[in-house]
Amino acid sequence: MTAPHVLQARNVIAGYAFDLPILHGVSVHVDAGEVVSIIGPNGSGKSTLVKAVAGLVRVSAGNVRLDGRDITGVAAHRLAAEGVGYVPQTGNVFATLTVRENLMIGGAPLAKAAALERIEEICDIYPILKERMHDRAGSLSGGQRQILAVARALLTRPRLMLLDEPTASLSPKAASELFSAVRGLARDGAAVLMVEQNAKAALRVSDRGLVLAEGRNRIEGPAADLLSDEGIGEIFLGFRRDAAKTEGAG
Amino acid sequence: MILQHVADGILSGAVVALGAIGLSFTMKMLRFANFSHSELLTWGAYSALVFVAFFSSFGGFLDRTIGPFSFGASLLLAMPCACIATSMVALLLHRFVFERLSRMAGHMTMVFASFGVALTLRHLVVLIWGSDPIYYSRELQFAILLPGNVRVMPDQVFLLGLTVVVVIALHLFMSRSRAGISMRGVAENPDLARASGVNVDRIVTWVWVIGASGAAIGGVLYGMTVQLRPELGFSLILPLFAAAILGGTGSLYGAVLGGLIVGLSENLSVMVIPTTYKPAVPFLLILAILYFRPEGIFGERSR
Numbered sequence: 001m002t003a004p005h006v007l008q009a010r011n012v013i014a015g016y017a018f019d020l021p022i023l024h025g026v027s028v029h030v031d032a033g034e035v036v037s038i039i040g041p042n043g044s045g046k047s048t049l050v051k052a053v054a055g056l057v058r059v060s061a062g063n064v065r066l067d068g069r070d071i072t073g074v075a076a077h078r079l080a081a082e083g084v085g086y087v088p089q090t091g092n093v094f095a096t097l098t099v100r101e102n103l104m105i106g107g108a109p110l111a112k113a114a115a116l117e118r119i120e121e122i123c124d125i126y127p128i129l130k131e132r133m134h135d136r137a138g139s140l141s142g143g144q145r146q147i148l149a150v151a152r153a154l155l156t157r158p159r160l161m162l163l164d165e166p167t168a169s170l171s172p173k174a175a176s177e178l179f180s181a182v183r184g185l186a187r188d189g190a191a192v193l194m195v196e197q198n199a200k201a202a203l204r205v206s207d208r209g210l211v212l213a214e215g216r217n218r219i220e221g222p223a224a225d226l227l228s229d230e231g232i233g234e235i236f237l238g239f240r241r242d243a244a245k246t247e248g249a250g
Numbered sequence: 251m252i253l254q255h256v257a258d259g260i261l262s263g264a265v266v267a268l269g270a271i272g273l274s275f276t277m278k279m280l281r282f283a284n285f286s287h288s289e290l291l292t293w294g295a296y297s298a299l300v301f302v303a304f305f306s307s308f309g310g311f312l313d314r315t316i317g318p319f320s321f322g323a324s325l326l327l328a329m330p331c332a333c334i335a336t337s338m339v340a341l342l343l344h345r346f347v348f349e350r351l352s353r354m355a356g357h358m359t360m361v362f363a364s365f366g367v368a369l370t371l372r373h374l375v376v377l378i379w380g381s382d383p384i385y386y387s388r389e390l391q392f393a394i395l396l397p398g399n400v401r402v403m404p405d406q407v408f409l410l411g412l413t414v415v416v417v418i419a420l421h422l423f424m425s426r427s428r429a430g431i432s433m434r435g436v437a438e439n440p441d442l443a444r445a446s447g448v449n450v451d452r453i454v455t456w457v458w459v460i461g462a463s464g465a466a467i468g469g470v471l472y473g474m475t476v477q478l479r480p481e482l483g484f485s486l487i488l489p490l491f492a493a494a495i496l497g498g499t500g501s502l503y504g505a506v507l508g509g510l511i512v513g514l515s516e517n518l519s520v521m522v523i524p525t526t527y528k529p530a531v532p533f534l535l536i537l538a539i540l541y542f543r544p545e546g547i548f549g550e551r552s553r
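Chains as they are written, first to last, in my numbering: chain A, 1 to 250; chain B, 251 to 553.
Structure follows, in structure tokens:
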């Protein structure tokens with residue numbers, strides 16, 4: 001018998017208003033040690049999908065399973081305790097709180113002693129957080145904020161990591177470092193579901209990709225195949241337009 | 251003369267601060283202006299009256315006044331009981347009115363509902379305790395003469411001391427405890443707090459309990475230095491809102507500073523304007539802060 005996927009979402013219909021769904025039957029699965037990128041044009045429902053998985057958007061039909069267990073409709077704070085880490089696109093740190101307080105909140109599902117121990121471990125991985133421990137998160141640079149956001153989500157050792165545009169507003173160097181960190185998460189055994197506007201860069205570090213458009217699955221497959229398929233790139237990802245712009249600029 | 255007004259301003263500001271802390275938290279975390287919050291001060295003050303009668307009935311030291319104060323140990327014991335009773339009233343309101351409305355209606359509906367709740371709470375007080383003024387104690391007190399020819403009653407010194415203790419305790423709770431840190435996180439970004447594993451419903455319960463307890467203590471202290479009337483809370487509604495908005499919603503320090511500014515402004519204003527216009531001062535402060543710094547002194551500017 002094969003092990004269940006870490007995440008399996010089937011025919012998910014979800015949205016912010018009950019009678020106005022954004023997702024119209026989206027399905028996706030992610031296995032342990034795998035990075036899956038969700039890409040697609042603006043308004044295609046990418047962020048809504050990860051929010052639905054994280055328990056922040058109501059799923060009106062379909063189901064979401066974590067390690068085979070149905071978690072549809074389970075409250076977000078319970079999902080965090082059960083191993084779902086989520087880094088939102090915007091407002092991903094508590095800007096008025098210190099770095100330490102941000103991490104303490106990330107450790108909310110853990111006992112206090114365990115949370116403090118875990119914060120020490122996380123600071124060994126990301127030494128910059130130790131240096132800025134008592135500074136307000138709002139004073140960090142964009143890259144440092146993303147590191148803090150990821151570190152906070154890692155506090156509970158999540159089996160599933162949901163990243164919503166983690167490289168948005170980052171410098172190319174910081175974005176590259178973050179993508180390396182994403183691969184590192186997968187190497188450590190986590191299943192990573194990532195939404196990215198920068199489709200090319202995301203697919204380069206992903207095992208598989210899912211193209212969403214108008215709240216529906218359009219194309220799914222190995223990341224390398226999506227990257228090399230010019231038709232997909234032109235229709236859904238604007239690869240050719242990007243290339244033309246680059247040439248024009250040059 | 252001016253020093254006396256300053257002293258009076260600090261004392262009345264302390265009561266406003268205690269009430270404004272809860273109002274400020276609910277405005278920030280529950281995202282609506284709760285006009286019934288001031289009635290929790292009335293309920294705190296009147297429920298303490300019941301407990302004072304209960305503890306005094308045991309006689310002995312419970313029924314005697316302490317030193318220069320007008321009250322005895324019965325009032326000190328009644329205060330935490332009043333906090334519990336007022337918290338229960340607040341949690342019932344949350345459970346049966348505001349939580350339900352927040353799921354099915356907009357914020358404006360909740361604001362209007364809070365007007366209705368305020369009226370209901372006030373008239374329940376009239377129904378239970380009557381509309382005549384009541385006193386915790388009719389013991390005579392002698393004013394203490396401070397440098398600068400400032401006179402304060404011993405009860406007012408107690409009021410100020412207790413306010414300082416409550417604010418320090420709340421500061422430690424908000425900055426050191428996990429619940430307090432989570433509360434600040436929820437105030438800033440409830441969805442991120444949820445996704446980080448914070449049980450927001452539990453934090454909201456804490457907000458109501460802290461807000462109601464602050465209101466109860468404020469109500470008891472106000473009733474102790476003046477008298478108990480069913481309009482006790484209603485008469486503080488503008489100063490409470492002025493303090494919460496002035497300090498910045500969701501900020502403990504903002505509510506305390508806002509309360510002190512409102513108290514001082516009200517009391518100092520009588521030196522330049524007729525006393526009749528004193529209640530208009532908080533209203534002017536609200537207008538001024540909304541015009542020049544809508545997020546308040548300690549508030550974060552929304553982007």
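Heads up, the beta-carbon is just placed ideally off N, CA and C, and yes, glycines get one too.
Query raised in the report: Buried or exposed: where does Pro314/A fall if 16 or more other Cβ atoms within 10 Å of its Cβ makes it buried?
Result: Past the boundaries of the shown model lies residue 314/A; chain A is included only from 1 to 250, so the question cannot be answered.
Query raised in the report: Name the chain A residues whose beta carbon is nearer than 9 Å to that of Gly447/B?
Result: Sequence index remark: in the second sequence, residue 447/B carries index 197 (1-based). Those within 9 Å of Gly447/B in chain A are Ala76, His77, Arg78, Leu79, Ala80, Ala81, Ile105, Gly106, Gly107, Ala108, Pro109, Leu110, Leu155, Thr156.
Query raised in the report: So which of Ala213/A, Gly209/A, Gly215/A has the shortest CA-CA distance to Asp225/A?
Result: One-based indexing of the first sequence puts residue 225/A at position 225. Nearest C-alpha to Asp225/A: Gly209/A.
Query raised in the report: Counting only beta-carbon atoms, is Glu438/B nearer than 8 Å to chain A?
Result: For the purposes of this step, residue 438/B is taken as the residue at position 188 of the second sequence. Closer than 8 Å: yes.
Requested in this report: Mind listing the chain A neighbours of Leu420/B? Cutoff is C-beta to C-beta under 7 Å, in chain order.
Outcome: Within the second sequence, residue 420/B is the residue found at index 170, counting from 1. Under the 7 Å cutoff, chain A gives no residues; its nearest Cβ is about 16 Å from Leu420/B.
Query - Val450/B: contacting residues in chain A (beta-carbon distance under 8 Å) - result: Working through the second sequence from its first residue, we reach residue 450/B at position 200. Those within 8 Å of Val450/B in chain A are His77.
**Report entry** Any C-beta of chain B under 8 Å from that of Pro172/A
**Finding:** Taking the first residue of the first sequence as 1, we reach residue 172/A at position 172. Not an interface residue.
Report task. Give the interface partners of Gly435/B over in chain A, defined as CB-CB distance under 7 Å, in chain order. Result -> Your numbering for residue 435/B matches position 185 in the second sequence. Phe94, Leu97, Ile105, listed in chain order.
Report task. Would you mind telling me which residues of chain A sit closer than 7 Å to Arg444/B, beta carbon to beta carbon, in chain order? Result -> Counting from one through the second sequence, the residue named residue 444/B turns up at place 194. Neighbours of Arg444/B on chain A, chain order: Leu56, Ala76, His77.
Query raised in the report: Three-state secondary structure (DSSP) at Lys245/A?
Result: In the first sequence, residue 245/A corresponds to position 245, counting from 1. Here the model assigns Lys245/A a pLDDT of 48, short of 50, so the residue's position is not dependable and the matter cannot be decided.
Query raised in the report: Roughly how many angstroms separate the alpha carbons of Arg218/A and Ala108/A, rounded to a whole number?
Result: Taking the first residue of the first sequence as position 1, residue 218/A is located at position 218. Taking the first residue of the first sequence as position 1, residue 108/A is located at position 108. Taking the straight line joining both Cα atoms gives about 38 Å.
Query raised in the report: Going by beta carbon distance, what residues of the same chain come within less than 6 Å of Ala115/A, once the five residues before and after it are set aside?
Result: Taking the first residue of the first sequence as 1, we reach residue 115/A at position 115. So the list reads Gly107, once near-sequence residues are dropped.
Query - Top-ranked residue by Cα proximity to Asp382/B, from Leu540/B, Pro529/B, Gln477/B - result: Here residue 382/B is taken as the residue at index 132 of the second sequence, counted from 1. Ranking the options by Cα distance to Asp382/B, first place goes to Gln477/B.
Requested in this report: Could you check how far apart the C-beta atoms of Val520/B and Ala332/B are, in whole angstroms? I think they sit under 8 Å.
Outcome: The sequence position of residue 520/B within the second sequence is 270, counting from 1. The sequence position of residue 332/B within the second sequence is 82, counting from 1. Wrong, their Cβ atoms sit about 31 Å apart, outside the cutoff.
Query - Opposing strand residues paired with His29/A [DSSP bridges] - result: Against the first sequence, residue 29/A aligns to sequence position 29. In DSSP, His29/A forms a bridge with Gln8/A.
Query raised in the report: What is the DSSP secondary structure of Ser320/B, counted as helix, strand or coil?
Result: Counting from one through the second sequence, the residue named residue 320/B turns up at place 70. In this structure, Ser320/B counts as coil in the three-state DSSP scheme.
Report task. Would you kindly check if the distance between the Cβ of Phe282/B and the Cβ of Val361/B is under 8 Å? Result -> The sequence position of residue 361/B within the second sequence is 111, counting from 1. The sequence position of residue 282/B within the second sequence is 32, counting from 1. Yes, they are a contact pair.
Requested in this report: Quick one: using the 10 Å Cβ neighbour count with 16 as the cut-off for buried, is Asp258/B buried or exposed?
Outcome: Residue numbering aside, residue 258/B sits at position 8 when the second sequence is read from its first letter. Flag for Asp258/B reads buried.
Requested in this report: Mind checking who Thr315/B pairs with in its DSSP beta bridge?
Outcome: Along the second sequence, read from residue 1 onward, the residue named residue 315/B stands at position 65. The partner list for Thr315/B (beta bridge, DSSP) reads Gly322/B.
Requested in this report: Could you round the C-beta distance between Gln406/B and Thr475/B to whole angstroms and report it? I think they count as a contact, below 8 Å.
Outcome: Position 156 of the second sequence holds residue 406/B. Position 225 of the second sequence holds residue 475/B. Yes, they are in contact, since the Cβ atoms of Gln406/B and Thr475/B sit about 6 Å apart, within 8 Å.
Query raised in the report: Bridge partners of Asn217/A, per DSSP?
Result: Mapped onto the first sequence, residue 217/A falls at position 217. Answer is Leu212/A, bridged to Asn217/A.
Requested in this report: Spell out whether any CB of chain A is found under 8 Å from the CB atom of Ser432/B.
Outcome: Counting from 1 along the second sequence, the entry for residue 432/B is found at position 182. Residue-level contact by beta carbon holds for Ser432/B and chain A, with a gap shorter than 8 Å.
Query raised in the report: If you drop the 5 nearest sequence neighbours on each side, which residues of the same chain put their C-beta closer than 6 Å to that of Arg65/A?
Result: For this step, residue 65/A is matched to residue 65 along the first sequence. Only Gln8 meet the Cβ criterion.
Requested in this report: Output yes if chain A places a C-beta closer than 8 Å to the C-beta of Arg428/B; else output no.
Outcome: As a working mapping, residue 428/B is identified with position 178 in the second sequence. Closer than 8 Å: yes.
Report task. Could you check the C-alpha separation between Ile232/A and Arg204/A for me, to the nearest Å? Result -> Numbered from its first residue, the first sequence carries residue 232/A at position 232. Numbered from its first residue, the first sequence carries residue 204/A at position 204. The straight-line gap from Cα to Cα measures roughly 15 Å.
Report task. Output the boundary residues of the alpha helix (DSSP H) element that contains Gly62/A. Result -> Looking up residue 62/A in the first sequence gives position 62. Counting along the chain, Gly62/A falls outside any alpha helix (DSSP H), though it belongs to the beta strand (DSSP E) covering 59-66.
Query raised in the report: chain B beta carbons: is any one of them nearer than 8 Å to that of Pro88/A?
Result: Here residue 88/A is taken as the residue at index 88 of the first sequence, counted from 1. Interface residue, yes.
Query raised in the report: Pick from Asp229/A, Phe179/A, Asp164/A: whose alpha carbon is nearest that of Val53/A?
Result: As a first step, residue 53/A must be located in the first sequence, where it is residue number 53. Val53/A has its Cα closest to that of Asp164/A, out of Asp229/A, Phe179/A, Asp164/A.
Query raised in the report: Should Glu117/A be flagged as near chain B, meaning a C-beta pair shorter than 8 Å?
Result: As a first step, residue 117/A is located in the first sequence; it is residue number 117 there, counting from the start. Judged by the 8 Å Cβ criterion, Glu117/A is not in contact with chain B.
Query - N-terminal and C-terminal residue of the beta strand (DSSP E) that Met360/B is part of - result: On the second sequence, position 110 is the one that residue 360/B refers to. Run containing Met360/B: none in the beta strand (DSSP E); it sits in the alpha helix (DSSP H), 357-379.
Query raised in the report: Does DSSP put Arg69/A in a helix, in a strand, or in coil?
Result: Numbered from its first residue, the first sequence carries residue 69/A at position 69. Strand, per DSSP.
Query raised in the report: Can you list, in chain order, the residues of the region 139-155 of chain A whose Cβ is nearer than 7 Å to any Cβ on chain B?
Result: So the close ones are Arg152.
Requested in this report: Let me know the secondary structure DSSP gives Asp225/A once reduced to three states.
Outcome: In the first sequence, residue 225/A corresponds to position 225, counting from 1. In the structure shown, Asp225/A sits in a helix (DSSP, three-state: H, G or I).
Report task. Report all residues from its chain with a CB closer than 6 Å to the CB of Val244/B; omit the five preceding and five following residues, and keep chain order. Result -> Nothing can be reported for residue 244/B, as the shown portion of chain B is limited to 251 through 553.
Query raised in the report: Is the region 301-314 of chain B touching the region 431-445 of chain B, taking contact as three or more C-beta pairs under 8 Å?
Result: no
Query raised in the report: In whole angstroms, what separates the C-alpha of Gly461/B from that of Ala538/B?
Result: Numbered from 1 along the second sequence, position 211 holds the residue referred to as residue 461/B. Numbered from 1 along the second sequence, position 288 holds the residue referred to as residue 538/B. Rounded to whole angstroms, Gly461/B to Ala538/B spans 26 Å at the Cα level.
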